[in-house]
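The next block holds one structure in the form of structure tokens; read it before the comments.
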Amino acid sequence: MARATARHILVDSEAKCQELKAEIENGRDFAEVAKEHSNCPSGRQGGDLGSFGPGQMVREFDEVVFSGELNKVHGPVKTQFGYHLLEITSRS
Numbered sequence: 001m002a003r004a005t006a007r008h009i010l011v012d013s014e015a016k017c018q019e020l021k022a023e024i025e026n027g028r029d030f031a032e033v034a035k036e037h038s039n040c041p042s043g044r045q046g047g048d049l050g051s052f053g054p055g056q057m058v059r060e061f062d063e064v065v066f067s068g069e070l071n072k073v074h075g076p077v078k079t080q081f082g083y084h085l086l087e088i089t090s091r092s
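Each residue of the sequence shown is one higher than the one before, starting from 1 at the first, in UniProt numbering.
So, in structure tokens, the structure goes:
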């Protein structure tokens, strides 16, 4: 079964998501940005979601995590919880 590890940042607006993505792409550390801005409790751990398989996260996450490029910031990804930036750190 496929497994992935990823981290994310959850915010309330697409605009804020785009702003944070630009900061990361300009050299800011993903984990640092997550700790400062994420609305998810995982933000305290730099957005780390640990290891999970298909179907354990919402559909929108699965679509990105199990098909997207590794170590690249993806998003904004809209879910029922808000807007996310995702970084896939490994997949097997």
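Glycine is no exception: its CB is placed at the ideal position from the N, C-alpha and C atoms. Model, not experiment: these values are computed from the prediction.
Endpoints, the beta strand (DSSP E) within which residue i is located
i	result
Glu69	That residue, Glu69, is in no beta strand (DSSP E); it is neither H nor E in DSSP.
Ala4	4 to 11
Ser90	82 to 91
Whole-angstrom distance between residue j and residue i, CA atom to CA atom
i	j	result
Val33	Ile24	8 Å
Cys17	Lys78	10 Å
Gln80	His8	15 Å
Gly27	Val73	12 Å
Arg44	Lys35	5 Å
Span of the alpha helix (DSSP H), counted from its first residue to its last, around residue i
i	result
Phe61	59 to 65
Phe30	30 to 37
Cys17	14 to 25
Residue i vs residue j beta-carbon contact at 8 Å
i	j	result
Gly82	Asp29	no
Ala4	Ile88	yes
Ala31	Gly50	no
Leu85	Leu20	yes
Gly53	Ala22	no
Leu70	Ser38	no
Residue environment, residue i, which counts as buried when at least 16 other CB atoms sit within 10 Å
i	result
Pro41	exposed
Ala6	buried
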